[in-house]
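Below is one structure; the comments refer to it alone.
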Amino acid sequence: MSNGTREKWSGGIGFTLAAVGSAVGLGNMWRFSYMAAENGGAAFVILYVLLTLLVGLPVMLAELTLGRGAGRSPVQALIHYGGRAWAPLGGLFVLAGFVILAYYGVLAGWTVRYAVEAVVWGFPADAGAHFGAISEGHGAAAWHLAFMALTIFVVSGGVKNGIERVSLALMPVLGVLVVGLALYAATLDGAVDGYRYYFTTEFAAILNPDVLRDAAGQAFFSLSLGMGAILTYASYLSRERDLPREAVLIASSDFAVAFIAGLVVFPLVFALGLQEQVGASTLGALFVTLPQAFADMGGTGRVIGALFMVALAVGALTSAISLLEVVVASAIDTFAMPRVRAAWLLGGAIALLGLVAAYDIGMLDLMDKIGGNLLLVLGGFSLSIFAGWVLGPELLDEVHPDGRQRLALRLWLVMLRFVVPAILAVVLVYSAADAWSAVAARWFGEG
Ligand code: PHE
Numbered sequence: 015m016s017n018g019t020r021e022k023w024s025g026g027i028g029f030t031l032a033a034v035g036s037a038v039g040l041g042n043m044w045r046f047s048y049m050a051a052e053n054g055g056a057a058f059v060i061l062y063v064l065l066t067l068l069v070g071l072p073v074m075l076a077e078l079t080l081g082r083g084a085g086r087s088p089v090q091a092l093i094h095y096g097g098r099a100w101a102p103l104g105g106l107f108v109l110a111g112f113v114i115l116a117y118y119g120v121l122a123g124w125t126v127r128y129a130v131e132a133v134v135w136g137f138p139a140d141a142g143a144h145f146g147a148i149s150e151g152h153g154a155a156a157w158h159l160a161f162m163a164l165t166i167f168v169v170s171g172g173v174k175n176g177i178e179r180v181s182l183a184l185m186p187v188l189g190v191l192v193v194g195l196a197l198y199a200a201t202l203d204g205a206v207d208g209y210r211y212y213f214t215t216e217f218a219a220i221l222n223p224d225v226l227r228d229a230a231g232q233a234f235f236s237l238s239l240g241m242g243a244i245l246t247y248a249s250y251l252s253r254e255r256d257l258p259r260e261a262v263l264i265a266s267s268d269f270a271v272a273f274i275a276g277l278v279v280f281p282l283v284f285a286l287g288l289q290e291q292v293g294a295s296t297l298g299a300l301f302v303t304l305p306q307a308f309a310d311m312g313g314t315g316r317v318i319g320a321l322f323m324v325a326l327a328v329g330a331l332t333s334a335i336s337l338l339e340v341v342v343a344s345a346i347d348t349f350a351m352p353r354v355r356a357a358w359l360l361g362g363a364i365a366l367l368g369l370v371a372a373y374d375i376g377m378l379d380l381m382d383k384i385g386g387n388l389l390l391v392l393g394g395f396s397l398s399i400f401a402g403w404v405l406g407p408e409l410l411d412e413v414h415p416d417g418r419q420r421l422a423l424r425l426w427l428v429m430l431r432f433v434v435p436a437i438l439a440v441v442l443v444y445s446a447a448d449a450w451s452a453v454a455a456r457w458f459g460e461g
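Numbers 15 to 461, taken from my numbering, label the letters of the sequence shown in order.
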């Protein structure tokens with residue numbers, strides 16, 4: 015556990031790309047579009063941007079600061095700063111990593127399968143039937159396990175040789191693909207209708223607490239906040255880094271990819287006249303509607319679709335890596351477990367938990383509500399209390415010991431103390447109610 019021997023990023027843009035890789039994933043290209051479609055289009059996007067600025071950025075900077083300051087994984091970092099009493103919050107982070115990665119692996123498995131199938135056979139004519147066949151059961155389980163094995167393999171390679179290498183190689187590819195796809199989508203006939211749908215605002219939606227809940231949960235999910243992923247990555251960072259700058263870079267890249275992905279998805283859907291399907295948006299919708307659009311487009315669709323699925327799979331991999339790294343780093347720091355053993359043991363356990371979602375899509379949805387929304391909001395809320403009230407002003411020196419940017423950092427502290435917890439307390443109530451009604455509907459047959 016000695017900090018002297020702890021692995022570090024190699025400097026340069028390795029850390030930034032890895033952190034952007036964590037943030038950019040299925041959340042941007044699948045969850046964002048489907049949530050925007052479900053929650054009043056631009057109203058959702060506006061609320062999302064506001065929440066990213068008011069809540070996401072402050073929490074991101076807190077995670078970066080605590081991670082680098084402690085130079086340890088979440089559980090140990092919280093103990094380091096707050097004593098044993100705060101260890102359970104680290105435990106909550108690890109739990110969130112378990113739950114999220116378990117179902118994330120299943121979604122990623124679908125994605126990789128689509129990518130491979132698109133290259134080998136093209137997209138099947140009846141996307142709905144195909145999705146029904148692959149989304150649950152042995153096939154979903156097998157692709158999930160394969161994806162998890164790949165994730166475990168990268169994480170066992172370590173920070174520099176595993177995570178950083180993969181991020182350096184893959185993130186530029188993802189960026190080029192997403193921008194290229196958006197440019198292509200702009201040339202489609204239905205593009206304007208797609209944009210119009212995307213940017214039409216039902217302003218009433220902004221006042222709807224369910225939209226607030228989804229936008230806040232999505233901001234945390236997409237930015238990889240509230241479960242120690244950014245904290246863990248920052249723990250391998252050297253002192254010289256300008257953390258506020260990194261926070262802005264990561265958050266703006268993440269938003270850019272989500273926003274541009276919307277510019278791909280909506281024109282495609284409208285060009286092929288499939289908007290009805292998105293209107294009835296459920297978790298699986300994009301996994302049906304988009305493949306249907308690609309199938310209907312013939313040969314071009316096959317190429318475009320394969321590229322889209324590859325971009326999605328790349329994003330999923332670099333995000334899954336960061337989810338696993340939280341759990342693995344905690345085991346390394348806490349039990350002095352060798353990295354390779356920790357990766358296979360814990361990654362294996364998560365993969366097994368994911369089988370629940372692979373065999374039952376209802377469980378996948380439930381795990382997303384609990385892990386992908388409730389646990390992250392709870393984690394972010396607790397972390398803002400910890401950073402803002404338990405640590406307070408001593409945090410400022412951890413960001414810039416030389417007293418730079420004092421005014422901005424003081425404002426940050428005010429946000430962490432008042433604005434972030436106040437907003438998240440409201441969101442928490444709605445997230446808990448939502449998760450509870452999903453649980454009740456499932457086990458007590460209500461709703
Ligand atoms: N941010 C990732 C995405 O958008 C998911 C994620 C959540 C990764 C939490 C790490 C931690 O797909």
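Note that CB positions come from ideal geometry on N, CA and C, so glycine has one too.
Source: prediction; values computed, not measured.
Check your understanding: What residue from 63, 80 and 434 has the CA that sits closest to residue 405's CA?
Key -> Position 391 of the sequence shown, counting from 1, holds the residue named residue 405. Out of 63, 80 and 434, 80 has the C-alpha closest to the C-alpha of residue 405.
Point to revise | residue 201 in three-state terms, based on DSSP | key: Here residue 201 refers to the residue found at position 187 when the sequence shown is read from its first residue. Correct three-state label for residue 201: coil.
**Study point:** Run of the alpha helix (DSSP H) containing residue 485, from where it starts to where it stops
**Key:** Here the chain covers residues 15 to 461 and nothing more, so residue 485 does not appear.
**Study point:** Cα-Cα separation, residue 381 to residue 111
**Key:** Against the sequence shown, residue 381 aligns to sequence position 367. Against the sequence shown, residue 111 aligns to sequence position 97. If you take the alpha carbons of residue 381 and residue 111, they lie about 11 angstroms apart.
Practice item. Have a look at 179, 20, 27 and 21 and flag the residue whose alpha-carbon is nearest the alpha-carbon of residue 259. Key: Looking up residue 259 in the sequence shown gives position 245. Taking only the C-alpha atoms, the option nearest residue 259 is 27.
**Study point:** Pairwise C-alpha distance: residue 320 and residue 272
**Key:** To locate residue 272, count along the sequence shown from 1; it is residue 258. To locate residue 320, count along the sequence shown from 1; it is residue 306. If I take the Cα positions, the gap works out to 19 angstroms.
Review point. Ligand 1 heavy atoms versus the CB of residue 38: any closer than 8 angstroms?
Key: In the sequence shown, the residue the question calls residue 38 occupies position 24. Answer for residue 38: yes, Cβ within range of ligand 1.
Point to revise | Under 9 angstroms between C-beta atoms of residue 54 and residue 219 | key: If you number the sequence shown from 1, residue 54 lands on position 40. If you number the sequence shown from 1, residue 219 lands on position 205. Going by C-beta atoms, residue 54 is nearer than 9 angstroms to residue 219.
**Study point:** Close beta carbons around residue 364, own chain, < 6 angstroms, minus the five adjacent residues each side
**Key:** The residue given as residue 364 occupies position 350 in the sequence shown. Closer than 6 angstroms at Cβ, skipping near neighbours: 112, 115 and 116.
Practice item. Have a look at residue 257 and residue 129 and give me their C-alpha separation to the nearest angstrom. Key: One-based indexing of the sequence shown puts residue 257 at position 243. One-based indexing of the sequence shown puts residue 129 at position 115. Going by the C-alpha atoms only, they are around 36 angstroms apart.
Review point. Between the beta-carbon of residue 401 and the beta-carbon of residue 337, is there less than 9 angstroms?
Key: Position 387 of the sequence shown holds residue 401. Position 323 of the sequence shown holds residue 337. Their beta carbons are not under 9 angstroms apart, which means residue 401 does not touch residue 337 by this criterion.
Point to revise | Whole beta strand (DSSP E) elements within the stretch 58-138, 3-residue minimum | key: none
Review point. Where residue 315 and residue 207 are concerned, what is the direct C-alpha to C-alpha distance, given to the nearest angstrom?
Key: The residue you call residue 315 lines up with position 301 of the sequence shown. The residue you call residue 207 lines up with position 193 of the sequence shown. Roughly 19 angstroms separates the two Cα atoms.
Exercise for review: Could you tell me if the beta carbon of residue 117 falls within a distance shorter than 8 angstroms of some heavy atom in ligand 1?
Suggested key: Mapped onto the sequence shown, residue 117 falls at position 103. Not so, every heavy atom of ligand 1 lies at least 8 angstroms from the Cβ.
Review point. With 16 other CB atoms within 10 Å as the buried threshold, where does residue 170 fall?
Key: As a working mapping, residue 170 is identified with position 156 in the sequence shown. So residue 170 counts as buried.
Review point. With a CB to CB cut of under 7 angstroms and the five nearest residues on each side skipped, what residues in its chain are close to residue 159?
Key: In the sequence shown, the residue the question calls residue 159 occupies position 145. Answer for residue 159: 365, listed in chain order.
Point to revise | Beta-ladder partner(s) of residue 314, from DSSP | key: Within the sequence shown, residue 314 is the residue found at index 300, counting from 1. For residue 314, which the question treats as bridged, DSSP gives no partner whatsoever.
Check your understanding: Out of curiosity, what's the CA-to-CA distance linking residue 284 and residue 302?
Key -> For the purposes of this step, residue 284 is taken as residue 270 along the sequence shown, with counting starting at 1. For the purposes of this step, residue 302 is taken as residue 288 along the sequence shown, with counting starting at 1. In a straight line, the C-alpha of residue 284 is about 14 angstroms away from that of residue 302.
Check your understanding: Terminal residues of the continuous alpha helix (DSSP H) containing residue 419?
Key -> Mapped onto the sequence shown, residue 419 falls at position 405. Segment: none, residue 419 is in no alpha helix (DSSP H) and carries neither H nor E.
**Study point:** Secondary structure of residue 55, DSSP reduced to three states
**Key:** The residue labelled residue 55 in the question sits at position 41 within the sequence shown. In the structure shown, residue 55 sits in a strand (DSSP, three-state: E or B).
Exercise for review: Can you say whether residue 168 is buried or exposed, counting buried as having 16 or more other CB atoms within 10 angstroms of its CB?
Suggested key: For this step, residue 168 is matched to residue 154 along the sequence shown. Label assigned to residue 168: buried.
Point to revise | Residues of its chain near residue 362, where Cβ-Cβ distance is below 7 angstroms and the 5 sequence neighbours each way are ignored | key: The residue given as residue 362 occupies position 348 in the sequence shown. Cβ neighbours of residue 362 beyond the five flanking positions: none.
Check your understanding: Is any heavy atom in ligand 1 found nearer than 8 angstroms to the beta carbon of residue 237?
Key -> Against the sequence shown, residue 237 aligns to sequence position 223. Within the cutoff, so yes.
Review point. Do you know offhand how far residue 445's Cα is from residue 313's?
Key: Numbered from its first residue, the sequence shown carries residue 445 at position 431. Numbered from its first residue, the sequence shown carries residue 313 at position 299. C-alpha separation (whole angstroms): 43 angstroms.
Point to revise | Cβ-heavy atom distance, residue 390 to ligand 1, below 8 angstroms | key: Along the sequence shown, one-based indexing puts residue 390 at 376. Residue 390: yes, Cβ under 8 angstroms from ligand 1.
Point to revise | Three-state class that DSSP yields for residue 332 in the structure shown | key: If you number the sequence shown from 1, residue 332 lands on position 318. It is helical.
Check your understanding: Cβ of residue 384 within 8 angstroms of any heavy atom in ligand 1?
Key -> In the sequence shown, residue 384 corresponds to position 370, counting from 1. Residue 384 Cβ: outside cutoff for every heavy atom of ligand 1.
**Study point:** residue 238 versus residue 37: straight-line alpha-carbon distance, rounded
**Key:** In the sequence shown, residue 238 corresponds to position 224, counting from 1. In the sequence shown, residue 37 corresponds to position 23, counting from 1. Using only the alpha carbons, I get a separation of about 5 angstroms.
Practice item. Please classify residue 459: is it buried, with 16 or more other beta-carbons within 10 angstroms of its beta-carbon, or exposed? Key: Here residue 459 refers to the residue found at position 445 of the sequence shown. It is exposed - the Cβ of residue 459 has fewer than 16 other Cβ atoms within 10 Å.
Exercise for review: Specify the secondary structure class of residue 19 as computed by DSSP and reduced to three states.
Suggested key: The residue given as residue 19 occupies position 5 in the sequence shown. Helix at residue 19.
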